[in-house]
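**Student:**
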Amino acid sequence: SAVISQKPSRDICQRGTSLTIQCQVDSQVTMMFWYRQQPGQSLTLIATANQGSEATYESGFVIDKFPISRPNLTFSTLTVSNMSPEDSSIYLCSVFSGNGYTFGSGTRLTVV
Amino acid sequence: AQSVTQPDIHITVSEGASLELRCNYSYGATPYLFWYVQSPGQGLQLLLKYFSGDTLVQGIKGFEAEFKRSQSSFNLRKPSVHWSDAAEYFCAVGYYGGSQGNLIFGKGTKLSVKP
Numbered sequence: 078s079a080v081i082s083q084k085p086s087r088d089i090c091q092r093g094t095s096l097t098i099q100c101q102v103d104s105q106v107t108m109m110f111w112y113r114q115q116p117g118q119s120l121t122l123i124a125t126a127n128q129g130s131e132a133t134y135e136s137g138f139v140i141d142k143f144p145i146s147r148p149n150l151t152f153s154t155l156t157v158s159n160m161s162p163e164d165s166s167i168y169l170c171s172v173f174s175g176n177g178y179t180f181g182s183g184t185r186l187t188v189v
Numbered sequence: 099a100q101s102v103t104q105p106d107i108h109i110t111v112s113e114g115a116s117l118e119l120r121c122n123y124s125y126g127a128t129p130y131l132f133w134y135v136q137s138p139g140q141g142l143q144l145l146l147k148y149f150s151g152d153t154l155v156q157g158i159k160g161f162e163a164e165f166k167r168s169q170s171s172f173n174l175r176k177p178s179v180h181w182s183d184a185a186e187y188f189c190a191v192g193y194y195g196g197s198q199g200n201l202i203f204g205k206g207t208k209l210s211v212k213p
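Listed in order, the protein sequences are those of chains A and B. In my numbering, each number is its position in the first sequence, counted from 1, plus 77. In my numbering, each number is its position in the second sequence, counted from 1, plus 98.
1. I'd like to know whether the C-beta of Gly183/A is nearer than 9 Å to at least one C-beta of chain B.
2. Within the 9 Å Cβ cut-off, does Tyr178/A reach chain B?
3. Look at the alpha carbon of Ser140/A and the alpha carbon of Lys205/B, and state the distance between them as a whole number of angstroms.
4. Tell me which residue opens and which closes the beta strand (DSSP E) that Trp111/A is part of.
5. What number of angstroms, rounded off, separates the C-alpha of Glu186/B from the C-alpha of Gly175/A?
6. For Gln136/B, write down the residues that DSSP places opposite it in a beta bridge.
7. Would you mind telling me which residues of chain B sit closer than 8 Å to Thr154/A, beta carbon to beta carbon, in chain order?
8. Consult DSSP for Asp88/A and reduce its assignment to one of helix, strand or coil.
9. What in chain A is Cβ-close to Lys147/B, meaning under 8 Å?
10. Which one of Ser78/A, Tyr112/A, Ser104/A has the shortest CA to CA distance from Gly183/A?
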């Protein structure tokens with residue numbers, strides 16, 4: 078299975094600022110998925126990122142708020158823009174690597 | 099629409115007792131089913147998965163799950179619960195179909211273990 082390195086693992090940010098989360102995969106993958114897990118909730122898909130094309134966003138998520146970069150087949154970033162306390166969540170990236178889905182360790186974001 | 103239902107939000111069992119966590123899915127195609135566990139402050143750990151074949155799947159930590167197509171269920175079981183099993187459990191369904199689609203998660207079941 079693929080191994081994902083996600084960073085930062087946690088951060089505390091001021092409202093109105095932006096945070097970029099990085100995921101590095103140890104093998105080439107077609108799709109990368111970004112999820113949000115709000116406190117005490119399940120995982121919700123934010124968007125699917127393909128290399129060389131625009132990310133596909135789920136209902137309720139927009140590119141201006143969550144811009145995604147996918148410059149190659151092993152790397153992606155998710156930016157949480159103009160943050161508010163409601164953005165405090167765990168953000169996870171995930172890939173399908175032939176034997177199932179692998180998740181990054183998550184980024185625990187607190188917005189104050 | 100695809101969906102996953104975990105009807106039990108919170109379950110408490112005594113240590114040593116058996117456990118069954120329920121999961122039902124709604125999916126138009128052959129599903130690929132997963133159970134994940136998340137301990138407080140930790141990431142997601144895959145317990146087991148079902149792709150095809152034998153409908154009784156063995157996982158890590160002594161867990162197993164049975165796929166029942168007629169009931170659209172994929173319930174997780176463990177014969178004897180340990181205090182360290184206390185965590186949040188998520189059932190998820192995925193569909194590959196060549197497009198490697200994303201997972202859809204249930205809302206989770208929180209397991210508490212009484213000494």
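The beta carbon of each residue, even a glycine, is placed where N, CA and C say it ideally should be.
**Tutor:** Working from what's here:
1. Working through the first sequence from its first residue, we reach residue 183/A at position 106. Yes, Gly183/A lies at the interface with chain B (some Cβ there is under 9 Å from its Cβ).
2. As a position in the first sequence, residue 178/A is number 101, starting the count at 1. So, interface residue.
3. Here residue 140/A corresponds to residue number 63 of the first sequence, with the count starting at 1. Here residue 205/B corresponds to residue number 107 of the second sequence, with the count starting at 1. First, the amino acid is wrong: residue 140/A is Ile here, not Ser. So the two alpha carbons sit approximately 25 Å from each other.
4. Taking the first residue of the first sequence as position 1, residue 111/A is located at position 34. Run containing Trp111/A: 108-114, per the beta strand (DSSP E) assignment.
5. Counting from one through the second sequence, the residue named residue 186/B turns up at place 88. Counting from one through the first sequence, the residue named residue 175/A turns up at place 98. If you take the alpha carbons of Glu186/B and Gly175/A, they lie about 26 Å apart.
6. Counting from 1 along the second sequence, the entry for residue 136/B is found at position 38. Partner(s): Leu142/B, Glu186/B.
7. Here residue 154/A is taken as the residue at index 77 of the first sequence, counted from 1. By Cβ distance, chain B contributes nothing, its closest Cβ being about 18 Å from Thr154/A, past 8 Å.
8. Against the first sequence, residue 88/A aligns to sequence position 11. Strand.
9. Position 49 of the second sequence holds residue 147/B. The answer, in chain order, is Gly177.
10. The sequence position of residue 183/A within the first sequence is 106, counting from 1. For the residues Ser78/A, Tyr112/A, Ser104/A, the minimum Cα distance to Gly183/A belongs to Tyr112/A.
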